[in-house]
Structure formats: structure tokens, C-alpha cells
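Visitor: Before we start, here is the structure in question, set down as C-alpha cells.
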Amino acid sequence: MVINKFKKKVIIISTGLIILGLSISLVGFKMANFDLTMFNSNGSTKWYRTIQIDNSSFSLGIDF
Amino acid sequence: MIRSDFFEILKKSLESISKEERDKFITYYEEIIEDYKENGLTEEEALTTIGNPQNIANDILNEQGAITVKTPSSNSNILNILLLILGFPLWGSLLLAGVLILFSIYIIIWCIPLVTGVSSITFFLASLVSIVGAPFMIFDIPAVGVVQLGIGFASIGISVLLAFLTIFLSKRFMHITKNFTFRLYKILNKKVVKLW
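In order, the protein sequence lines correspond to chains A and S.
Okay, so the first sequence: first residue is 81 according to this note's numbering, each after it adds one.
Okay, so the second sequence: first residue is 1014 according to this note's numbering, each after it adds one.
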């Protein structure tokens, strides 16, 4: 059925995106030598920054 | 007994069977009466020969396998209404409790697709800002920018999967809710016994 094929393709693409995204993130962490202090926001807010790691807590979001 | 009385009693006594079956029997006895009249009997004689309509109905119901229950008649609709009003504090509160419990169950069930739906939207918005802001972040702190880009892509994938999950759960729960409500309605509307 056409609809089921489309759903399957979308699910496969989504899973691929997740794997790709996690791989790119891993590359980024490797670039930082797995130093989490680089991800501290230090109180500064930037509209283009969506990830922060402060006091061992990870946050994904927009901070104005 | 006159013909109209005979069929009125017969119809009323056969209320518990389906309309089609009832009409079949009515037609059958109408034809019997016509046959007797053709053979020279008067309508009254034909009705006497056929017998008591109540007994005829009992025989039909016994053959059909229907169960009849005789209960003392309250003899008054006004009394029934009065009993309903007086008993309202009891049955009313029980009914209200039942309705609220059912409503609570529905809310709890529907919270699941609501959560997945809202999460899908949230991840999508986060992914948009992450990907758009990633180049700026790369110029600022490259490692963080790359991680942000990766998180952005992953968030799109998560958002789409959650959207599919929301649609799937919504369809399932809609089906469950409709079926359950319909079954409950049928149970409450079921006519189990014929009261005399």
C-alpha cells in the first residue's frame, strides 16, 4: 500500500537523522576533548545557543 | 371479544420479540380469522375458536425462548417518578461518581497522545533554532556549534517519530473510546425482561 510505504520511508529517514545527529554530536564532543566545561553558558544568554551543560545538567532550549 | 381488542392484546403481549416476528404472527392470525370467516363462521366465533390472545402470546414466547418475569406492579407511573425523585440522593450521587470516574479514565488515556504531540512540536521548534543557530555558534565556540548541529538533526528525527506515535495512539484511543462508550450505552439501554 502506498501510504504504508511512505510511512516506512519517513520512519527510516527519521531514524537515520537521529543516528546522523548523534554522530555529529559525538564529533563535536571529540573536538572539545569531552571537556564539558566548554558547554557552560556562564550566565550569558545568546539567541543562537540551544544547548547548555551547567552543574551536570543538560538543557536543550532557547534562552533569551 | 372484538377483532381490534384481540390484536391489541396480542401485540402488547408480544412486545418483547422483534417487530418483524411480531408482524408475522399478527398476519398469520389475521389470515386464520379470514379462513374461518370464509368457512361460514362469524368474526366473534372465529376469535373464540382461535382462543385467548394472552395464551397464544405465551405459547409463542415459550417457543421463542423468551423469559417473562412477573413482578408486583406499582400500578402508577406517578409512584415510579416519586420513587425516582426520593431516591435521587442515592442513585444521583452514584451516577455522578460513575460518570466522573469514566471521564477521569478518558482524560488519563488521552494525556498520552497529548504528551507525545506536544513533545513532537517542542523537539521540532528546538531543532529549527538549533540548526539555524549552529553556524553562529560554530563561529563562537566550534565544538559547541557542531554538537548543537548534531542535536538539531537528531531532534528533527525524534520530532517526526513522536508525531507518528501521536497519530497512531490517537487513532487507537479514539477507537477504544468510541467502542467503550457505545458498549456502555448498550448496557444501560438493554431491555432484559418483560414486566407484567
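For glycine and all other residues, C-beta sits at the position ideal for the given N, C-alpha and C.
#1: Among the candidates S:V1173, S:N1068 and S:F1186, whose CA atom is the shortest distance from the CA of I1121 of chain S?
#2: Given this structure, state the Cα-to-Cα distance separating L1208 of chain S from N1071 of chain S, to the nearest angstrom.
#3: Where does P1066 of chain S land, buried or exposed, given buried means 16+ other C-beta within 10 angstroms?
#4: Going by the DSSP bridge assignment, what does S137 of chain A pair with across the sheet?
#5: On the criterion of 16 or more Cβ atoms from any shown chain inside 10 Å, does I1134 of chain S qualify as buried, or is it exposed?
#6: How big is the Cα-Cα spacing for R1016 of chain S and T1061 of chain S?
#7: Taking 8 Å as the CB-CB limit, is P1066 of chain S close to chain A?
#8: Could you tell me which uninterrupted beta strand (DSSP E) segments, each at least 3 residues in length, are contained entirely in the region 1100-1164 of chain S, listed from first to last along the chain?
#9: Buried or exposed: which applies to M1014 of chain S, given that a residue is buried once 16 or more other Cβ atoms fall within 10 Å of its Cβ?
#10: If A1139 of chain S and L1162 of chain S are in contact, beta carbons under 8 Å, what's the gap, nearest whole angstrom?
#11: So L102 of chain A contacts chain S; which residues on that side make the cut at Cβ distance below 9 Å?
#12: Whose C-beta lies closer than 7 Å to the C-beta of V1157 of chain S among residues of the same chain, with five residues either side of it excluded?
Guide: The structure says:
#1: Considering only alpha carbons, the answer is S:F1186.
#2: Reliability fails at L1208 of chain S, whose pLDDT of 45 lies under 50, so the model's placement of it is uncertain and the value that follows must be treated cautiously. Taking the Cα positions, L1208 of chain S is about 13 Å away from N1071 of chain S.
#3: Under this definition P1066 of chain S is a buried residue.
#4: S137 of chain A pairs with A:D134.
#5: I1134 of chain S should be labelled exposed.
#6: Computed Cα separation, rounded: 10 Å.
#7: Among the CB atoms of chain A, none fall inside 8 Å of the CB of P1066 of chain S.
#8: Runs found: none.
#9: Flag for M1014 of chain S reads exposed.
#10: With a contact defined as Cβ atoms closer than 8 Å, A1139 of chain S and L1162 of chain S miss out at about 13 Å.
#11: Those are G1163, I1164, F1166 and A1167, listed as they occur along chain S.
#12: Cβ neighbours of V1157 of chain S beyond the five flanking positions: M1150.
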